[in-house]
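Enquirer: Please read through the structure below; I'll follow up with questions.
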Amino acid sequence: MGLVKNLLITGLPGVGKTTLIRKLYEALKDFHPVGFYTTEIREKGMRRGFELVNIEGKRGVLSHVDIKSRYRVGRYKVDVSGFEDFLDGISFFDPSSDMIMVDEIGKMECLSNKFDRIMKEVLDSEKWVIATIALKGSGLIAGVKQRQDIKLFEITQNNRDVLFSEILKEINP
């Protein structure tokens with residue numbers, strides 16, 4: 002098998018997937034990455050939802066306990082149409098970019114058919130892809146993990162510091 006250019010990071014919630022992808026973004030700016038990461042919305046010290054942030058810094062709400070939506074994951078209601086509008090603002094196939102970063106391929110994101118379609122196109126593209134993916138899940142999550150053209154890294158508390166350089170070595174051997 003040739004070069005694997007789809008690098009996926011999985012692990013338990015809170016172990017450091019988003020932190021790792023943000024560090025990788027800083028280290029790989031020469032590839033002009035496009036994409037987004039997810040961050041917690043906290044109010045009075047409590048997690049109330051999740052916010053999307055694209056590489057240019059534009060923000061959008063993915064989910065929140067207080068929004069109205071028929072979609073929910075756990076106690077969070079998911080704003081699927083808002084997420085799809087947010088995705089429209091990202092130039093995933095910009096020819097000046099050689100890398101796509103996505104945090105994350107998770108249960109909330111997978112409620113969107115548009116996200117499902119974009120992720121399949123992204124993984125089939127010629128670009129480097131670095132994405133976080135839920136540890137467990139069906140549909141797109143399971144399908145992506147079964148692809149032959151991916152390399153899956155599991156981040157743990159013990160390996161999270163060395164994983165950064167391992168992933169960089171995949172891109173710059």
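Add 1 to the 1-based position in the sequence shown for the numbering used here, that's all there is to it. Where is the CB? At the ideal position from N, CA and C, for every residue including glycine.
1) Report the start-end ranges of each alpha helix (DSSP H) in the region 84-167 that is 4 residues or longer and not cut off at the edges.
2) Distance, Cα to Cα, residue 2 vs residue 8?
3) Count the CB pairs spanning the region 101-113 and the region 30-46 that are closer than 8 Å, and state whether there are at least three.
4) How should residue 75 be labelled, buried or exposed, when 16 other C-beta atoms within 10 angstroms of its C-beta is the threshold for buried?
5) Counting beta carbon pairs with one atom in the region 91-100 and one in the region 61-70, are three or more of them shorter than 8 Å?
6) Kindly indicate which three-state DSSP category residue 172 falls into: helix, strand or coil?
7) According to DSSP, is residue 52 helix, strand or coil?
8) With DSSP as the reference, identify every bridge partner of residue 64, one or two as the case may be.
9) Report the residue ranges of all beta strand (DSSP E) runs contained in full by the region 13-50; include only those spanning at least 3 residues, in chain order.
10) To the nearest angstrom, how far is the alpha carbon of residue 18 from that of residue 122?
11) Residue 167: buried (16+ other C-beta within 10 angstroms of its C-beta) or exposed?
Expert: For this structure:
1) Listed in chain order, the complete alpha helix (DSSP H) runs (minimum 4 residues) inside the region 84-167 are 114-125 and 141-147.
2) The residue labelled residue 2 in the question sits at position 1 within the sequence shown. The residue labelled residue 8 in the question sits at position 7 within the sequence shown. Because residue 2 sits at a pLDDT of 40, beneath the cut-off of 50, its placement in the model cannot be relied upon, and the following sentence gives the value as read from the coordinates. The straight-line gap from Cα to Cα measures roughly 15 Å.
3) Yes: at least three Cβ pairs fall under 8 Å.
4) Reading the sequence shown from its first residue, position 74 is the one you call residue 75. Taking a 10 Å sphere around the C-beta of residue 75, we find fewer than 16 other C-beta atoms and assign the residue as exposed.
5) no
6) To locate residue 172, count along the sequence shown from 1; it is residue 171. Of the three classes helix, strand and coil, the one that applies to residue 172 here is helix, per DSSP.
7) Residue mapping note: residue 52 aligns to position 51 of the sequence shown, counting from 1. Of the three classes helix, strand and coil, the one that applies to residue 52 here is strand, per DSSP.
8) Residue 64 sits at position 63 when you count from the first residue of the sequence shown. In DSSP, residue 64 forms a bridge with 51 and 79.
9) 35-44
10) Residue numbering aside, residue 18 sits at position 17 when the sequence shown is read from its first letter. Residue numbering aside, residue 122 sits at position 121 when the sequence shown is read from its first letter. Roughly 23 Å between the two C-alpha positions.
11) Working through the sequence shown from its first residue, we reach residue 167 at position 166. Residue 167 should be labelled exposed.
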